[in-house]
Amino acid sequence: MVYKKNISNFFKIVIMYLLMVSANGQDHRYKTYLKVLGTVQDGGSPHIGCQKSCCKDLSLEEKKKRKVTSLELYQIGTDKSLLFEASPDIISQWNLMNFPASGIFITHAHMGHYSGLLHLGKEALSSKNIPVYVMPKMYNFLSKNGPWSQLITQKNILLKKLHENKTVQVLNKVKIIPILVPHRDEFSETVGYKIIGPKKKVLFIPDIDKWSLWNKNLISVLKEVDLAFLDATFFNAEEVNYRPISEIPHPLVHETIKYLENETTAIKNKIYFIHMNHTNPLLDPNSDSTEWVVKQGFNVARVGQEFDL
97 MVYKKNISNF FKIVIMYLLM VSANGQDHRY KTYLKVLGTV QDGGSPHIGC QKSCCKDLSL
157 EEKKKRKVTS LELYQIGTDK SLLFEASPDI ISQWNLMNFP ASGIFITHAH MGHYSGLLHL
217 GKEALSSKNI PVYVMPKMYN FLSKNGPWSQ LITQKNILLK KLHENKTVQV LNKVKIIPIL
277 VPHRDEFSET VGYKIIGPKK KVLFIPDIDK WSLWNKNLIS VLKEVDLAFL DATFFNAEEV
337 NYRPISEIPH PLVHETIKYL ENETTAIKNK IYFIHMNHTN PLLDPNSDST EWVVKQGFNV
397 ARVGQEFDL
């Protein structure tokens, strides 16, 4: 009788566990996290040739922390990672990752977002068919132009073609959706990504010309996600010498905050500003500008931050 009772209790526990997993829509064996690997605009910080205090006065420790924008999506259980953007700092960022990248998602063909692919070639990592996810125009650009084409012929990378708003699933219970955004598209389209994890959704748009030029409404999109990493290349008009705002192919941080000023604190708290130019005072966590942004209800992305998805 005791044996039968124990068996009965065991099956009850198993059934309860399965019901919990089903109810939550997730499998707790596969914990998924997003990690910030870099937050700086393409040129990095310190920036080549810059003699301003924003670069030349940086301590060695500060220089080590500053890396070009990149994110890692990793999963305990499958022990796999996805890399968003192959930046010029890919060497040090690779060492920060929890697992070697089993796939790389690129937003567009500007220096800070894909030049790190070169380190996958035979002169460096000599990787074996790492999937690289790109949109059709960038697929053609990489395929037809060296040195990128050599990565393909040498089987260092395996190009995977994405399509706007079409979902791809690479990790367990994780979906990635590319979203076209307006930007300088000399060699490729530009996309942001919506990352749908087991529990949370993330929007990643490191580059966009202006929110007003996008065919989507930013506020509506923000209501669909839990976190949003948004273009913060320049802080305000002073940083760009008061050039006409229409000439700046990025939304100033002040513009974005003004655009969202009447939204709820919950909406504002979702936003993490990223992709900051070397002149942007938000790179300094102790600056008055950072303090002001936080007081408005927003956040600034920092290397090492992790988010449970």
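Just add 96 to wherever you are in the sequence shown, counting from 1, and you've got this note's numbering. Built from N, CA and C at the ideal position, the CB exists for glycine as well.
Query: Roughly how far, in whole angstroms, is the beta-carbon of V277 from the beta-carbon of I304, given that I think they are within contact range, below 8 Å?; Result: 4 Å
Query: Considering only residues of the same chain and omitting the five flanking positions on each side of S239, which have a CB-CB separation below 7 Å?; Result: S245, I248 and L255
Query: Would you give the residue range spanned by the beta strand (DSSP E) that G208 belongs to?; Result: Unbroken run through G208 is the alpha helix (DSSP H), M207 to Y210; no beta strand (DSSP E).
Query: I'd like the list of long-range same chain contacts for I186, defined as Cβ closer than 6 Å, with 5 residues on each side in sequence excluded.; Result: G212 and H215
Query: Does DSSP put S118 in a helix, in a strand, or in coil?; Result: Confidence is the limiting factor: at S118 the pLDDT is only 47, short of 50, which leaves the residue's position unreliable and the question unanswerable from this model.
Query: Is it the case that the Cβ atoms of G208 and D138 are separated by a distance below 8 Å?; Result: yes
Query: What's the call for H51, buried or exposed, on a 16-neighbour Cβ count within 10 Å?; Result: The structure shown does not extend to residue 51, since the chain spans only 97 to 405, so no value can be given for it.
Query: Using beta-carbon positions only, say whether I292 and K271 come within less than 8 Å of one another.; Result: yes
Query: With a threshold of 7 Å on Cβ separation, who are the neighbours of A205 within its own chain once the five nearest residues in sequence on each side are excluded?; Result: M234, F237, F283 and S284
Query: With distance defined between alpha-carbon atoms, name the residue in R398, T174, Y229 and T128 nearest to N382.; Result: R398
Query: Apart from the five residues on each side of it in sequence, which residues of its chain come closer than 7 Å, Cβ to Cβ, to C151?; Result: S141, P142, H143 and H374
Query: Measuring alpha carbon to alpha carbon, tell me which of P377, F394, F403 and V390 ends up nearest S149.; Result: P377
Query: Evaluate D384 with the Cβ neighbour count: other Cβ atoms within 10 Å of its Cβ, from every protein chain shown; 16 or more gives buried, anything less gives exposed.; Result: exposed
Query: For A362, which beta-bridge partners are listed by DSSP?; Result: A362 pairs with nothing; no bridge assigned.
Query: Hey, out of P294, S316, Y229 and W307, whose CA is closest to P274's CA?; Result: Y229
Query: Is the separation between the beta-carbon of Y126 and that of K269 shorter than 8 Å?; Result: yes
Query: Distance, Cα to Cα, T386 vs V132?; Result: 18 Å
Query: Considering only the alpha carbon of each residue, which of E343, E168 and E402 lies closest to R280?; Result: E343
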